[in-house]
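Colleague: Shown below is the structure under consideration.
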Amino acid sequence: MKRTALAAALAAALLSPAAADAEVRILACEPEWAALAEEIGGDDVTVHSATHGRQDAHHIRARPSLIAKVRRAKILFCSGADLEVGWLPVLLERGGGRIVQPGQPGNIMAADHVEVLERPTVLDRSLGDIHPGGNPHVHLDPRNMAILAEVLTERLSQIDPERASAYWQRLASFQARWADAMAGWRERAEKLRGMKVFVHHKAWVYLLRWAELERVAALERVSGMPPTASHLAEVLELARGSGAKAILRAPYDPEDASEWLSGKTGIPAVELPFTVGGHPEATDLFSLFDSTLALLEEANDRS
1196 MKRTALAAAL AAALLSPAAA DAEVRILACE PEWAALAEEI GGDDVTVHSA
1246 THGRQDAHHI RARPSLIAKV RRAKILFCSG ADLEVGWLPV LLERGGGRIV
1296 QPGQPGNIMA ADHVEVLERP TVLDRSLGDI HPGGNPHVHL DPRNMAILAE
1346 VLTERLSQID PERASAYWQR LASFQARWAD AMAGWRERAE KLRGMKVFVH
1396 HKAWVYLLRW AELERVAALE RVSGMPPTAS HLAEVLELAR GSGAKAILRA
1446 PYDPEDASEW LSGKTGIPAV ELPFTVGGHP EATDLFSLFD STLALLEEAN
1496 DRS
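Numbers 1196 to 1498, taken from our numbering, label the letters of the sequence shown in order.
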């Protein structure tokens, strides 16, 4: 009788939600890392993104729902370089388990694993929204995605060794498809080389370097602060005769400044996806770069 009761209790435990939920839970701070986690993790992971494609990751709240999600996560996958400094420390303090704390296997900060651009030499609040660790938007160089896919695979294999072979197989598939896609993107980007653009915010440095585009100026004089009338007047003078082909903004950037400059100069204001979900056609990492290049090509051809 005792054996029967013990067996029944064991069976119930194995069938309980906690035991049946065998997937590795991943909390991504931004949609691009959620998309990469889904590529590598497949059906063996459950992925949640703390932000969506039309949301500025600088400015979200450490909501109770996010605290609950980080508490259950085995991997926390974020941009790093202080992009999430306004809310991520609160999540980790209030809900993060040991495995996702800094320095632990479940804590992945993308900026720790790739070359980071625009590291400031002077830290001064008058300079606006600057990041001591450099520009955090590393996902906009597709070469970085290949590096981070391997980092994620290594961490998943360490945390979930029983399914390591599946993770490495998915990595191999992703890397092959990504290399093919990058070859096509490189060919398309060659035709855009030297294209001059204005930007609303200095978020595009990795894309501009990879595609070899030239930034004429930013509409924000102080990063993260609304453009001033005096600075826009200076930008307008720069724009006239500049040969610029586009004024780039992210989905969450205010439209008024870029549309004003476009109206004054005829240079098209172009809203690029910036991340997965930032444009109806940017549904995954591959279509993120496909749609970004398509919008740049359209602007280059029409202006």
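Here a beta-carbon is modelled for each residue, glycine too, at the ideal position from N, C-alpha and C.
Once you ignore the five residues that flank residue 1453 on each side, which residues in its own chain have a CB closer than 7 Å to its CB?
Modeller: The answer, listed in chain order, is 1395, 1414, 1442, 1444 and 1464.
Colleague: Three or more beta-carbon pairs under 8 Å between the stretch 1261–1270 and the stretch 1370–1379, yes or no?
Modeller: They do not touch, by the three-pair rule.
Colleague: Should residue 1410 and residue 1402 be called a contact, given that it needs their Cβ atoms to be closer than 7 Å?
Modeller: No, the Cβ-Cβ distance between residue 1410 and residue 1402 is not below 7 Å.
Colleague: Whole angstroms is fine: what's the gap from residue 1269's alpha carbon to residue 1350's?
Modeller: Distance between the alpha carbons of residue 1269 and residue 1350 is about 10 Å.
Colleague: Can you check which of these residues, 1260, 1299, 1308 and 1380, is closest to residue 1285 by C-alpha distance?
Modeller: If we check each option's Cα against that of residue 1285, 1260 comes out closest.
Colleague: Please say whether residue 1242 and residue 1257 have beta carbons closer to each other than 7 Å?
Modeller: Result no, Cβ atoms of residue 1257 and residue 1242 do not sit closer than 7 Å.
Colleague: In this structure, how does DSSP classify residue 1418 when only helix, strand and coil are distinguished?
Modeller: Looking at residue 1418 - three-state DSSP - the assignment turns out to be strand.
Colleague: Rounded to whole angstroms, what is the Cα-Cα separation between residue 1362 and residue 1368?
Modeller: So the two alpha carbons sit approximately 10 Å from each other.
Colleague: Can you tell which of 1393, 1254, 1245 and 1492 has its C-alpha closest to the C-alpha of residue 1437?
Modeller: If we check each option's Cα against that of residue 1437, 1393 comes out closest.
Colleague: Express the C-alpha separation of residue 1278 and residue 1478 in angstroms, rounding to a whole number.
Modeller: Looking at the two C-alpha atoms, the distance is approximately 23 Å.
Colleague: For residue 1216, I'd like the list of residues in its chain whose CB is within less than 7 Å of its CB, leaving aside the five on either flank, ordered along the chain.
Modeller: For residue 1216, the predicted model reports a pLDDT of 47, less than 50, meaning its position is unreliable and no value from the coordinates is stated.
Colleague: Would you mind working out which of 1273, 1462 and 1481 sits nearest residue 1497, comparing C-alpha positions?
Modeller: Checked all of 1273, 1462 and 1481; the closest Cα to residue 1497 is 1462.
Colleague: Taking three-plus beta-carbon pairs below 8 Å as touching, is the stretch 1328–1343 in contact with the stretch 1298–1312?
Modeller: With the cut-off at 8 Å, the stretch 1328–1343 and the stretch 1298–1312 touch.
Colleague: Distance check for residue 1475 and residue 1379, CA to CA, integer angstroms please.
Modeller: Going by the C-alpha atoms only, they are around 21 Å apart.
Colleague: Taking C-alpha atoms, which residue in 1492, 1294 and 1250 lies nearest to residue 1353?
Modeller: When each option's Cα is compared against that of residue 1353, the closest is 1294.
Colleague: Of the residues 1364, 1406 and 1272, which one's Cα is nearest the Cα of residue 1492?
Modeller: It is 1406.
Colleague: Compute the Euclidean distance between the alpha carbons of residue 1240 and residue 1358, then round it to the nearest angstrom.
Modeller: The alpha-carbon atoms of residue 1240 and residue 1358 are separated by roughly 11 Å.
Colleague: Report the residue from 1249, 1221 and 1226 whose alpha carbon sits nearest the alpha carbon of residue 1466.
Modeller: Checking every option, the nearest Cα to that of residue 1466 belongs to 1249.
Colleague: Would you check if the distance between the CB atom of residue 1313 and the CB atom of residue 1400 is smaller than 7 Å?
Modeller: Yes, they are a contact pair.
Colleague: Can you tell me the Cβ-Cβ gap for residue 1440 and residue 1384, rounded? I've got them flagged as a contact below 8 Å.
Modeller: Residue 1440 to residue 1384, Cβ: 14 Å. No contact.
Colleague: What is the residue span of the alpha helix (DSSP H) that residue 1494 lies within?
Modeller: Run containing residue 1494: 1480–1497, per the alpha helix (DSSP H) assignment.
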